[in-house]
Each structure stands twice: as structure tokens, then as C-alpha cells.
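J.: Keeping their order, the protein sequence lines are chains A and B. FYI, in my numbering the residues of the first sequence are 46 to 320. FYI, in my numbering the residues of the second sequence are 2 to 347. Just so you know, even glycine gets a beta-carbon here, dropped at the ideal spot from N, CA and C.
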Amino acid sequence: MTTTALRPVEALDVPRPPAGQLLRGAVQDTMTLTRRELRIWFRNPVFLFFTLVQPVIFTLLFRYVFGGAIPVKVPGGYVNYLMPGIVAQTAAFASFGTAISLARQLQKGVIDRFRAMPIARSAVLNGRLVADTIRVAFTVLMILAVGYAVGFRFQNGFLPAVVMVLVGIVFGVTICTVSAFVGLAIKDEESVGSFGLVWLFPLVFVSSVFVQPSSMPGWLQAFAKNQPVSIVVNEMRSLALGGPLVLHAWQSALWLAGIVAVFVPLAVRAYRRAS
Amino acid sequence: MTGSTGTAPWDGPAIYVEGVHKSFGDVEALGGIDFVVERGKVLGMLGPNGAGKTTAVKILTTLLSPDRGRALVEGRDVVRSPAAVRELIGLAGQSTAIQEELTGRENLDIMGRLYHLDPGTRDRRAAELLERFELVEAADRPTKGYSGGMQRRLDLALSLVARPSVLFLDEPTTGLDPRSRLGMWDVIRELVAAGTTLLLTTQYLEEADALADEIVVIDRGKVIAAGTASDLKNRIGGDVVEFVVVERDRLGEAVEAVRPLTDSEPGVEPGAAQVSLRVGDGGSEALVETVRRLDAIGVHTEGLGVRRPSLDDVFLSLTGHGAEEPEDGPTPRGRRRRPAAAEERS
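1. Using a Cβ-Cβ cutoff of less than 7 Å, which residues in the same chain neighbour residue 148 of chain A once the five nearest sequence positions on both sides are dropped?
2. For residue 129 of chain A, collect the residues of the same chain with a Cβ closer than 7 Å to its Cβ; drop the 5 residues on either side in sequence, then sort them by chain order.
3. Locate the beta strand (DSSP E) running through residue 36 of chain A, then write down its first and last residues.
4. Using a cut-off of 8 Å between C-beta atoms, extract the partners of residue 143 of chain B located in chain A.
5. Give me, in chain order, the residues of the same chain whose beta-carbon lies closer than 8 Å to that of residue 319 of chain A; leave out the 5 immediate sequence neighbours on both sides.
6. Say whether the stretch 51 to 70 of chain B touches the stretch 85 to 98 of chain B, bearing in mind that this needs 3 or more beta-carbon pairs closer than 8 Å, one atom from each stretch.
7. Along chain C, in chain order, which residues have C-beta atoms closer than 9 Å to that of residue 164 of chain A?
8. If you reduce the DSSP assignment to three classes, tell me which class residue 321 of chain A lands in.
9. Quick one: what's got a C-beta closer than 7 Å to residue 287 of chain A's C-beta in the same chain, skipping five residues either side?
10. At least one CB of chain A closer than 8 Å to the CB of residue 92 of chain B: is that the case?
11. Assuming residue 268 of chain A and residue 127 of chain A form a contact by the criterion Cβ under 8 Å, report the distance between their Cβ atoms to the nearest whole angstrom.
12. Reducing DSSP to helix, strand and coil, say where residue 202 of chain B ends up.
13. May I ask which residues mark the beginning and end of the beta strand (DSSP E) holding residue 234 of chain B?
14. Under 8 Å: do the stretch 38 to 45 of chain B and the stretch 304 to 317 of chain A share three or more Cβ pairs, one atom per stretch?
15. For the putative contact between residue 300 of chain B and residue 248 of chain B, defined by C-beta atoms under 8 Å, what is the C-beta separation to the nearest angstrom?
16. List, from N- to C-terminal side, the alpha helix (DSSP H) runs of 4 residues or more that fit wholly inside the stretch 171 to 234 of chain A.
17. Would you say residue 97 of chain B faces chain A, with C-beta separation under 8 Å as the test?
18. Taking the alpha-carbon of residue 76 of chain B as reference, which of B/181, B/222, B/86 has the nearest alpha-carbon?
19. Would residue 174 of chain A pass as an interface residue toward chain B - the criterion being a Cβ-Cβ separation below 8 Å?
20. To which residues does DSSP link residue 46 of chain B through a beta bridge?
21. Less than 8 Å between the beta carbons of residue 77 of chain A and residue 114 of chain B, yes or no?
22. Which class does residue 100 of chain B belong to by DSSP, given the choice of helix, strand or coil?
23. Helix, strand or coil for residue 113 of chain B, going by three-state DSSP, please let me know.
24. Just how far apart, CA to CA, sit residue 216 of chain B and residue 304 of chain A?
25. Measuring CB to CB, does residue 176 of chain A end up less than 8 Å from residue 82 of chain A?
26. Provide the residue span of the beta strand (DSSP E) that contains residue 25 of chain B, from first to last.
27. What does DSSP give as the partner residues of residue 223 of chain B in its beta bridges?
28. If the cut is a Cβ gap below 8 Å, which residues of chain A does residue 103 of chain B touch?
29. Please identify the residue among B/292, B/89, B/131, B/296 whose C-alpha is closest to the C-alpha of residue 169 of chain B.
30. Could you check how far apart the C-beta atoms of residue 356 of chain B and residue 73 of chain A are, in whole angstroms? I think they sit under 8 Å.
31. Specify, as a first and last residue, the run of the beta strand (DSSP E) that residue 30 of chain B falls within.
32. At a Cβ cut of 9 Å, what residues of the stretch 67 to 83 of chain B count as close to chain A, listed as they run along the chain?
33. Check whether the stretch 279 to 292 of chain B and the stretch 233 to 252 of chain B touch, using three or more Cβ-Cβ pairs below 8 Å as the test.
34. For residue 236 of chain A, which three-state DSSP category applies?
35. May I have the straight-line CA-CA distance separating residue 204 of chain B from residue 248 of chain A, to the nearest angstrom?
36. What's the call for residue 10 of chain B, buried or exposed, on a 16-neighbour Cβ count within 10 Å?
Set out below in C-alpha cells:
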């Protein structure tokens, strides 16, 4: 053994591969990991329940059980008020899969293994993001179909309807970046399973998602009217049913951009540190 | 593999580690370790939990950077050329690359894609590995239903998709039942026979003995001994035959009868009337001979048996403390706790 007399060895000089090759590799790896994430999601009954069954339950519950008791002043009645909110809620809750999947892969060492392979460093989180976008789009369209089946109708024309769907998807993906950080910071599947959505509950329920905040006590209204979920949902509602667009649009864009600007670097940092 | 970056061929050692230090906060995980693994050889890295084995593997597989020192894999520096290192290595062990919702074949296919193999090569390679690791029947079932042994075999297969020239196995059999462990040993022996350089970490002397050409013993971040398995066993005296003499007054007689079986002085504990003989490699023969000799003079014994040296014996003889001795120090929680916890888990 050579512990006593280590014969010194010089390292080889390794040239860096050309940028084009690196970029092609990064795109290819991102696509591979996107496919992987989507396949996992599609096979996991828990993920499917959270993204497909739970929103349907909420829709039916508020449409048929609570809805009759909630007075709103919008054309077409409560179901039209409800659906833009349900779309936002569904998109936001879909982020649960992001947190739990990242925590699990970190905990089991899958991510370490990827990092010890010649894969583009960015591919794990980028693949996650692309997969999340597809996943959120899928659930949003699914829940809108359910909405149509229970009487929801867009009131404001085709183009605004398309924009509403896009806003819902962008909102969901934005929440996914927060969830990515939560999952990477907690690093434990079980804890994420218990607490991964808790921070989202007050934001979704103390908001304009299900009821008009003006029905809440004054001290709560201040929060309910000004928090980001309400602002985005108000914008989506205006797009779907007609109403004040521009102000909500600016506020929504600022909130979403702000959330992304804070949580993407946090998530990337947590990802780099977690080993 | 992405075209192995036109570097000159390497004729040095497969792994070269020189003066590597790594600390997490105030906790020193590695305090300057040196070792070399020649190509095609197996190095067993032996040490208790928290000795620094996993940290060493993480540095060599580019997951952590050393604070000081140099680590080269096939001549590629893990800090300066991590991408080149990653193209050459495979990693498996306690962590897993398996995704439980996906089937064995799908897991292998994803690895093939990540190594940019073309579809034909991917399919062939997956089929080959499934065959070799006896996973053909389970190939198209979700891996969630695999047994522990099957999961370890699949995980090892995943690390071999790109035919790595240097393989790192971090405690590949920890937590496996004895039968699966032996199966894993066979698989590892086959790999080594095919010329793969292997660094294997383990807590079991037996495992290092069965698989490694050379062993480094690590404790508290330092290499405390190095050599072949028989070097180490000779240092600690090899197998030990032990017995207690029932008729205490015949203790001296019994010791004289068995004295020729050992090169060293027989260990005698007069209080317990216990005799222990260091018998090197020949434990079973010495045991039979002991029975024969004691029987010939009509001495009765209790608890006669042969004991193989364990990791604990190695540690006792090398450091004066046992392997399972808990880390002392006033840092059971808070900031400093985390690296230690991470080390244990991985």
C-alpha cells in the first residue's frame, strides 16, 4: 500500500466541450427528466388523487352543497363565480406533487446519483419545471371540462377565456417554484406530506376563491382582498366573466414576478446545498 | 457517453487521493487522507459509521469538494474536471437511483437516455443487465414490489449502464439479509473479474476480506491502517480459538497441550479458567486439533469455539477504542449536528 510513499501524480488537462454540445446535452437531459417526472406522476395514485380527484370533489362540494348559500353578484350565478377560483386552487394544489417528489428524490439519494452522472446540472430542476407546466395545464383543462359539465360558461369571449387558462397555468407553475423550495428545504417526504400544503391553505381559503371577501369580518378582509391568490383570481374572473382587467393584471403580474424572483433563486440554492 | 473528450490515455492509478481534508462547520470529516487504487483492483474502505467513508466517496464522485488536497479519478481532477470524472464513474450503494413507480426496464432506459445512448444500444444494454442481475422476470413490474436484494441489484445495474471504468459502491450490502449479501458479493466479484476498478466501503471486515485486494481502515477521518486483508488480520492475530477449562486445576496442563497450535503466547485468564489461542488463518483446523489434544489428555471444556476477528477487534487493536463507540463532544444538536446526521444516513 502506498500510504507511506505516495508517488505524486499530475492531473490530466481536460478540454471543455464546445458550448453547442453542452446546450444540446442540456436540452436532451431536460426532456428525459421531464418524461420521467410525468411518468412517475401518472403512475402514483396519491399524486393523481391530489391533482385529479380532489379538485373535482371541491367543485362538486361548492357547486352543489355550499354554493346555494353563497350570494354573489355575477352573471350566471355562483358556478360562474366559483370556477375561475377552482382553476386557481387546482393549479396551486398541484404544486404538492412538486414538493413531495423533490423531497423524496433528495431523501433517497436519486438526486445525488444524477449529480454524479454526466448530466447538465440545470436539467433536474428544468425537467421538473417543464413537467410541472404540462401537469398543471393538464389539470386546469380537466377541471374546466368538469366545470362545463356542472354549468359553468365563459361570459367574455374566446380570447379572454384562453388568457384566463394561461394565467391559471402561470399561477400554478409559480406556486410550484415555492413548493420546489419547500420540498428541497424540508428534504423529508413524510414531513412534506404533512406540511407541504399547510402554508397554502390560508392563502387559498381566506381569499376570493370561494366567497366574496366583502362577506368576511373587516380585519380579515384586509388580508383576503390584498393577498396574491385573490388578486390573481380576480384577474382570472374578470377575464372569464368581464370586469376590471388592467389593474388586476398589473398587480397579478407584479406578484407572480415577485414570487418567482424570490423563490427560484432560493430553490436553486437549496438544490445546490442539498447533498 | 458524450464523446470522451479527446484526452491523452492515462496509465497512472485509477484513483489517486492526496492529503484530502473536508470539514463541515467545526466537524472534521476527513483529516488528510492518502491512498491509491491501481487499475482493475478493488480497494475496501473499512470503518464504522461516521468515520468519513461516505465523505470520501462523495468527494471522489464530485458530489463534494475537498477543502484541501487532490483527488484524481483516471487522472481527472475531481475539482477541476468534474464533468470528465462523471463520464468515467459509476456510483451505487446506500443511496438509490431507482424510482419506485417505474419498472426495472424503464429505470434502466432512463439511465441510458441520460448517458445519451442511442435507442438500440439502450435496449440491448437494459436487456443485458436485466439478464445478468437475474431481473428478467421482474423487468416489467414497478420496482416498488422488488425485494431489498432485487432493488440493490437493479441499483447496481443502473450504475453500470454506461460501462464505468471506476465504480464506487458505498456500503452495498448494508441492510441486506445474509443470502442477498452473498448474492451481491457474487455479482461484485464478476464485475471485478471483468476488469472494473472498484472502491467499496463497508463496515464489515468479512466483506472487505471477501472482495478487496487491499483495505484501508478509516477512523475519524484518518487512514489508520492499510494493507491486504491478511496483513490486517495478521496485525490483529487472525482467528482466535477460545475455551474454558472445567476442571480449573488442570488449566496449566491444558495450556501446555495446545501451546504448539499457536505461534504466539496463549492467552490465559486464570480467574475464568479461559484460554485463547491466536491461530492466524487456520481457525477450523486449529479448532479440530484443539479438541483432539484436549480429548487425548481427558480435559473437559466449556464454550469451545473459534472466533473470527471482527471490525471491533481491528479497531480495538489499532486505536484502543471500539468501532461502535459513540462520538463524544458537546455538539449533540444545532448547526453542527447536520453533517454528522447526513453522514450517517448516506
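T.: In terms of the structure at hand:
1. 228, 231, 232, 233, 234, 237
2. 209, 278, 281, 282, 285
3. The requested residue 36 of chain A is not part of the displayed model; chain A covers only 46 to 320.
4. 88
5. 151, 156, 229, 232
6. yes
7. You won't find chain C in this structure, because its protein chains are A and B.
8. Because chain A is modelled from 46 through 320, residue 321 of chain A falls outside the range shown and cannot be assessed.
9. 200, 201
10. yes
11. So it is not a contact: roughly 21 Å between Cβ atoms.
12. strand
13. Not the beta strand (DSSP E): residue 234 of chain B falls in the alpha helix (DSSP H), residues 230 to 237.
14. no
15. 7 Å
16. 203 to 231
17. yes
18. B/86
19. no
20. B/202, B/217
21. yes
22. coil
23. helix
24. 52 Å
25. yes
26. 16 to 25
27. B/220
28. 81, 84, 85, 88
29. B/89
30. Summary: the structure shown does not reach residue 356 of chain B, with chain B confined to residues 2 through 347, and so no result is reported for it.
31. 28 to 38
32. 71, 73, 75, 76, 77, 78, 81, 82
33. yes
34. helix
35. 49 Å
36. exposed
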